[in-house]
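Numbering (my numbering), first residue to last: -7 to 175.
Virtual Cβ for every residue (Gly too), placed ideally from N, Cα, C.
Owing to the predicted nature of the structure, the values given are computational and were not obtained by experimental measurement.
Input: a single structure, listed below in structure tokens.
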Amino acid sequence: MRIIAGSARGRTFDAPQGMDTRPTLDRVRENVFNILQMKVRGAAVLDLFSGSGAMAFEALSRGAESAVLVDCDRNAHQVQQRNAVKLRMDGQCRILHSDWQDAVRRLQQEGARFGMVFLDPPYKMHDLTAVFMAIRPLLTADAVILLEHDAKVFPAVADGYELYDNRKYGAAGVSFLRPAEVE
């Protein structure tokens, strides 16, 4: 795998071995970041279910200020740590070996806020209502949430979010959401 654009363009990084993670394909990352390009610079990024960390590392390469990567898989966590060092992004990353609930709770207690959130949960998770409810206090008013999911199934999400774009790349669906405006 490689970084597509930005300060680390062309640098390679590793993906966890095995079937527990699905690294986001280069072409999908390229298309996603073409859509998000104006939102990335200076953003604080949260990458839940982060796997290799590809999305967070791509965002950092393109000018994001910082990233928090969260994954409960020990192998993924170790690969993320190595990738952060290899890509020279370890100073901008916080890598948490934790399930998503504990990580979100900890980040809420710390008062963390994010303008960009990447969610790539296991495709078998068809109800993400709890995830979307839990991350709401962490979001800035203009936050963008990128959700990767099975292209055939759009998972349930909590009320209070607006779907503003949706793409399909083979078996992967990519949906862009933002907090709905409160009236």
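| Query | Result |
| --- | --- |
| Hey, quick one: how far does the alpha helix (DSSP H) through Arg74 stretch, first residue to last? | 66 to 78 |
| Would a C-beta distance cut-off of 8 angstroms place Val20 and Val145 closer than the cut-off? | no |
| Report the residue ranges of all beta strand (DSSP E) runs contained in full by the segment 72 to 150; include only those spanning at least 3 residues, in chain order. | 85 to 89, 106 to 111, 131 to 142 |
| For Ser53, name the three-state secondary structure that DSSP assigns. | helix |
| Mind the definition here: the segment 102 to 111 touches the segment 120 to 132 only if three or more C-beta pairs lie below 8 angstroms; say whether that holds. | yes |
| For Asp39, write down the residues that DSSP places opposite it in a beta bridge. | Leu61, Phe110 |
| Under DSSP, the beta strand (DSSP E) around Arg159 begins and ends at which residues? | 153 to 161 |
| For Ala46, does the three-state DSSP call read helix, strand or coil? | helix |
| By Cβ distance below 6 angstroms, which residues in the same chain neighbour Ala126 in space, the five residues on each side in sequence not counted? | Val96 |
| Would you check if the distance between the CB atom of Phe25 and the CB atom of Asn75 is smaller than 8 angstroms? | no |
| Say yes only if the C-beta of Thr121 is nearer than 7 angstroms to one or more non-hydrogen atoms of the ligand SAM, and no if none qualify. | This structure does not include the ligand SAM; it has no bound ligands of any sort. |
| For Arg170, report the span of its beta strand (DSSP E) as first-last. | 164 to 171 |
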